[in-house]
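The sequence shown: position 239 = 339 (the working numbering), numbered continuously. Everything on this sheet refers to the single structure shown next.
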Amino acid sequence: MSAVPDIMLNNGQSIPQFGFGVFQVKPDETAQAVTTALQAGYRHIDTAEMYGNERQVGEALAKSGVDRSEIFVTSKLNNDSHRPDDARRAFDRTLEALGSEYVDLFLIHWPLPTRYDGDYVSTWKTMEEFYHDGRARSIGVSNFQPHHLRRLHGETEITPAVNQIEVHPYLTQDEVRQFCADYQIAIEAYSPIAQGLVLTDPTIDEIARRAGKTPAQVVLRWHVERGDIVFPKSVTPARISENIEIFDFELSGEDVEAISALNRNERTGPDPDKFDWIPG
Ligand SMILES: NC(=O)c1ccc[n+]([C@@H]2O[C@H](COP(=O)([O-])OP(=O)(O)OC[C@H]3O[C@@H](n4cnc5c(N)ncnc54)[C@H](OP(=O)(O)O)[C@@H]3O)[C@@H](O)[C@H]2O)c1
Numbered sequence: 101m102s103a104v105p106d107i108m109l110n111n112g113q114s115i116p117q118f119g120f121g122v123f124q125v126k127p128d129e130t131a132q133a134v135t136t137a138l139q140a141g142y143r144h145i146d147t148a149e150m151y152g153n154e155r156q157v158g159e160a161l162a163k164s165g166v167d168r169s170e171i172f173v174t175s176k177l178n179n180d181s182h183r184p185d186d187a188r189r190a191f192d193r194t195l196e197a198l199g200s201e202y203v204d205l206f207l208i209h210w211p212l213p214t215r216y217d218g219d220y221v222s223t224w225k226t227m228e229e230f231y232h233d234g235r236a237r238s239i240g241v242s243n244f245q246p247h248h249l250r251r252l253h254g255e256t257e258i259t260p261a262v263n264q265i266e267v268h269p270y271l272t273q274d275e276v277r278q279f280c281a282d283y284q285i286a287i288e289a290y291s292p293i294a295q296g297l298v299l300t301d302p303t304i305d306e307i308a309r310r311a312g313k314t315p316a317q318v319v320l321r322w323h324v325e326r327g328d329i330v331f332p333k334s335v336t337p338a339r340i341s342e343n344i345e346i347f348d349f350e351l352s353g354e355d356v357e358a359i360s361a362l363n364r365n366e367r368t369g370p371d372p373d374k375f376d377w378i379p380g
């Protein structure tokens with residue numbers, strides 16, 4: 101069994117550095133995938149109201165026999181619910197769907213700077229309510245750029261515990277990661293294997309052959325050694341096991357640098373400054 105390290109967040113709460121993501125997992129496949137992940141030793145699940153599978157995550161948690169306190173659960177505020185009263189209702193829905201009295205971490209999913217008159221500040225102040233009433237043990241943001249974070253810093257009380265952003269070898273995000281390090285905001289690296297895109301890269305393949313590991317394991321290990329939190333998604337049982345088997349080897353400093361040097365500032369997902377999608 102792999103020993104996943106914990107990372108201490110800026111509010112003293114700890115989070116397993118490695119977990120399981122359920123973006124694009126169909127609702128009717130979610131309970132099985134989460135069950136397989138829990139059996140493989142994962143203790144951190146990343147979902148969102150937008151993914152449409154919070155309820156099935158909750159079902160798998162309830163049936164697992166693992167105590168709720170041993171599993172770190174994250175969910176996210178949907179794009180249609182940024183206004184304070186909508187956010188309060190959305191958070192109630194999330195807890196009800198997950199069948200839990202709290203989440204370990206609740207995030208603003210997207211900043212949506214071109215929506216809601218550019219006001220993600222009142223949304224964040226509503227997130228602070230959930231933190232103060234104890235139903236969100238930690239609160240954070242996702243897809244926030246440094247200029248969005250700077251505004252929260254100037255106008256609100258609580259520094260986000262995390263910023264969940266797209267990071268992988270083709271998008272190393274040096275500027276956002278440095279900003280967050282300076283403000284003690286932990287980085288969660290989403291799409292950590294670029295949804296599979298980086299797995300055929302020759303540099304990664306060469307390092308994987310030398311390490312006797314798969315390309316996915318090498319890339320996930322690279323994230324861990326850079327200190328980021330990761331939660332790859334898979335519905336394939338063999339990959340779910342493969343992805344967590346990364347705590348029995350290390351990469352050399354040169355290998356970490358060689359992978360970081362693959363950066364091309366290439367996103368697989370939308371640009372956070374432009375993304376404005378609201379579910380209809
Ligand atoms: N906050 C946000 O806006 C945001 C956006 C995107 C993602 N996320 C979070 O980050 C999580 C992970 O990101 P992601 O789902 O976009 O992409 P990802 O984890 O980088 O890649 C998932 C894809 O890679 C495949 N895969 C997984 N393990 C593999 C392996 N060992 N070998 C070969 N292929 C493998 C999966 O296929 P199979 O499933 O078919 O096995 C799936 O197609 C999400 O689930 C979600 O929790 C957050």
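Just so you know, even glycine gets a beta-carbon here, dropped at the ideal spot from N, CA and C. In this text, all values refer to a predicted model and were calculated from it rather than measured experimentally.
Distance between residue j and residue i (C-alpha atoms, nearest Å)
i	j	result
Ala160	Ser114	22 Å
Ala236	Arg215	25 Å
Thr136	Leu320	19 Å
Ile304	Ser352	13 Å
Arg310	Phe349	12 Å
Pro116	Tyr202	17 Å
Lys374	Asp185	25 Å
Val104	Ser222	36 Å
Gln156	Ala131	5 Å
Pro302	Ala358	11 Å
Ala140	Phe347	13 Å
Arg183	Arg277	28 Å
Ser242	Trp322	21 Å
Ala148	Gly254	27 Å
Arg168	Glu325	28 Å
Pro402	Asp217	There is simply no residue 402 to check, as the chain begins at 101 and stops at 380 in what is shown.
Gly327	Gly152	30 Å
Phe279	His232	26 Å
8 Å Cβ cutoff met for residue i and residue j
i	j	result
Thr259	Gln284	yes
Pro269	Leu362	yes
Phe172	Phe230	no
Ala281	Ile329	no
Arg143	Glu170	yes
Asp106	Ile378	no
Ala187	Thr226	yes
Beta-carbon contacts of residue i that lie in its chain and below 6 Å, excluding the five residues immediately before and after
i	result
Ile307	Val318, Asp355
Asp204	Phe172, Val173, Arg237
Ser80	Residue 80 is absent from the structure shown; the chain starts at 101 and stops at 380.
Tyr290	Gln264, Glu266
Glu129	Val335
Trp224	Leu252, Thr256
Phe331	Gly119, Phe120, Gly121, Asp146
Ala133	Val125, Val335
Val262	Gly240, Ala286, Glu288
Phe48	Absent from the structure is residue 48, since the part of the chain shown begins at 101 and ends at 380.
Pro337	Thr136
Expected contact under 8 Å - CB spacing of residue i and residue j to nearest Å
i	j	result
Thr174	Leu207	7 Å
Ile145	Phe120	5 Å
Gln264	Gly240	7 Å
Thr194	Glu154	6 Å
7 Å CB neighbourhood of residue i in its chain, flanking five on each side removed
i	result
Gly199	Gly158, Ala162
Arg364	Tyr270
Asp219	none
Ser164	Thr135, Leu138
Asp376	Leu212, Thr214, Arg215
Near ligand 2: residue i beta-carbon under 7 Å from a heavy atom
i	result
Asp371	Looking for ligand 2 in the displayed structure turns up nothing; the ligands present are ligand 1.
Contacting residues, own chain, Cβ-Cβ under 8 Å from residue i (five flanking each side not counted)
i	result
Lys333	Phe120, Gly121, Val122, Phe123, Gln124, Val125
Met150	Lys176, Asn178, Asn179, His209, Pro379
Val166	Leu138, Arg143
**Prompt:** Okay, do the stretch 237-252 and the stretch 335-346 touch, 3+ Cβ pairs below 8 Å being the bar?
**Reply:** no
Can you find at least 3 beta carbon pairs, one from the stretch 308-316 and one from the stretch 110-126, that sit closer than 8 Å?
no
- Message: Quick test of the definition: if touching needs 3 or more C-beta pairs under 8 Å, does the stretch 356-375 touch the stretch 290-304?
- Response: yes
Touch check for the stretch 118-135 and the stretch 270-277: three-plus C-beta pairs under 8 Å?
-> Contact fails between the stretch 118-135 and the stretch 270-277, because fewer than three Cβ pairs, one in each stretch, are under 8 Å apart.
> Does the stretch 209-225 come within contact of the stretch 172-190, defined as at least 3 CB pairs closer than 8 Å?
Replying inline: Contact holds: three or more Cβ-Cβ distances are below 8 Å.
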